[in-house]
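Read through the structure below, which is laid out as structure tokens, and then see the notes.
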Amino acid sequence: MEFDNSIYDQIEAFISEKMSEDEKRLFESKIQSDNELKKEVDLHRSLKIAINDKKWHLTENVKDNDEFNQIKSIRRSKKYTDIESSIGEAGDQYFENEMKSKRYKAWMYYVGAAVAIACIAFFINYYSGNQSTNALYAEYSNWNDLPSLTVQNENENILAEGERLFLATEYDKAVIIFSNALRDISLQGQSPDPYVLSYLGASYLELNDYESALLTFDQLLNSNTIDSSKGYWYKAMVYLKHGNKQKVGEQLKLILQSERNFNFQKAKELCEKLDLGLICT
Numbered sequence: 073m074e075f076d077n078s079i080y081d082q083i084e085a086f087i088s089e090k091m092s093e094d095e096k097r098l099f100e101s102k103i104q105s106d107n108e109l110k111k112e113v114d115l116h117r118s119l120k121i122a123i124n125d126k127k128w129h130l131t132e133n134v135k136d137n138d139e140f141n142q143i144k145s146i147r148r149s150k151k152y153t154d155i156e157s158s159i160g161e162a163g164d165q166y167f168e169n170e171m172k173s174k175r176y177k178a179w180m181y182y183v184g185a186a187v188a189i190a191c192i193a194f195f196i197n198y199y200s201g202n203q204s205t206n207a208l209y210a211e212y213s214n215w216n217d218l219p220s221l222t223v224q225n226e227n228e229n230i231l232a233e234g235e236r237l238f239l240a241t242e243y244d245k246a247v248i249i250f251s252n253a254l255r256d257i258s259l260q261g262q263s264p265d266p267y268v269l270s271y272l273g274a275s276y277l278e279l280n281d282y283e284s285a286l287l288t289f290d291q292l293l294n295s296n297t298i299d300s301s302k303g304y305w306y307k308a309m310v311y312l313k314h315g316n317k318q319k320v321g322e323q324l325k326l327i328l329q330s331e332r333n334f335n336f337q338k339a340k341e342l343c344e345k346l347d348l349g350l351i352c353t
């Protein structure tokens, strides 16, 4: 059953407790005498309660710096941005089709509630499965450790541009530059540059392209340079972001075989924080 907009205004005022006592008594009488109106009020109230409960649960659990870092990681993820984009497209389509409907205000409330609940459920589910690993990824994936690509000749000018794009979080563009640089190095019959491999793998990882990141870091491990052990740590970061603690432990164990390996002490810390004693030893 359709209602006038004035009825929806009254429903909203009623469930938000913005009516005077006299207005409230009159509206309650209407509800008792109109079963369809009662169903409409109950639906509005249920949605409001659902949203408020979910928001409270979320804010109660987002308190410390680790979880704020986790939110930043989620905000950068492709999964989040895809959902955000889909919601925006659905909203545009809704406005186009429903703007002139008599039930505009009611449907706006329903759509808004559904979107809010979906987004909050996404965050809660994400936290429950990946809370510790995502927080630790934000803490330990410090790409400031990557070497600066100095500007000395034309080729290095290109690499410096790749570094600039990486630091600007334009990872897709950085991937193109570093991939082309590795191709040119290969065509010249030279071994892959470990610095370029590091930047390329990190770019793939920030784009959540885990498979390409792992393949790139495997190349780094096989480069037979003093930087090759960094591949173990970077692969650990891939698995950490992906939420695979078992695989993280396997990489950390390889690092802990020698104190000369990159980030030996951090590997010990991370093992303890993830409670991976049996895997790491």
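Here my numbering is used: the first residue of the sequence shown is 73, the next is one more, and so on. Don't be surprised by glycine CBs; every beta carbon is placed ideally from N, CA and C.
Buried/exposed call for residue i, threshold 16 Cβ in 10 Å
i: residue 287; result: exposed
i: residue 240; result: exposed
i: residue 353; result: exposed
i: residue 266; result: buried
i: residue 105; result: exposed
i: residue 330; result: exposed
i: residue 259; result: exposed
i: residue 262; result: exposed
i: residue 78; result: exposed
i: residue 88; result: exposed
i: residue 342; result: buried
9 Å Cβ cutoff met for residue i and residue j
i: residue 257; j: residue 247; result: no
i: residue 301; j: residue 327; result: yes
i: residue 307; j: residue 289; result: yes
i: residue 218; j: residue 270; result: yes
i: residue 111; j: residue 205; result: no
Same chain, Cβ closer than 6 Å to residue i, five either side skipped, listed in chain order
i: residue 172; result: Below a pLDDT of 50, predicted positions are generally treated as unreliable, and residue 172, at 43, falls in that range; the measurement from the model is reported next regardless. Hits under 6 Å: none found.
i: residue 310; result: 277, 282, 285 and 286
i: residue 86; result: 99
i: residue 293; result: 300 and 303
i: residue 215; result: 274
7 Å Cβ shell around residue i - same chain, five flanking residues per side excluded
i: residue 345; result: 208
i: residue 102; result: 109
Nearest to residue i (by Cα), restricted to the options the options
i: residue 313; options: 280, 293 and 100; result: 280
i: residue 322; options: 262, 331, 77 and 304; result: 304
i: residue 116; options: 81, 102, 95 and 101; result: 81
i: residue 274; options: 235, 325 and 324; result: 235
i: residue 332; options: 341, 298 and 319; result: 298
i: residue 351; options: 214, 319 and 92; result: 319
i: residue 75; options: 92, 113, 341 and 245; result: 113
Within-9 Å CB hit, residue i to chain C
i: residue 280; result: Protein chain content of the structure displayed is limited to a single chain, and chain C is not contained in it.
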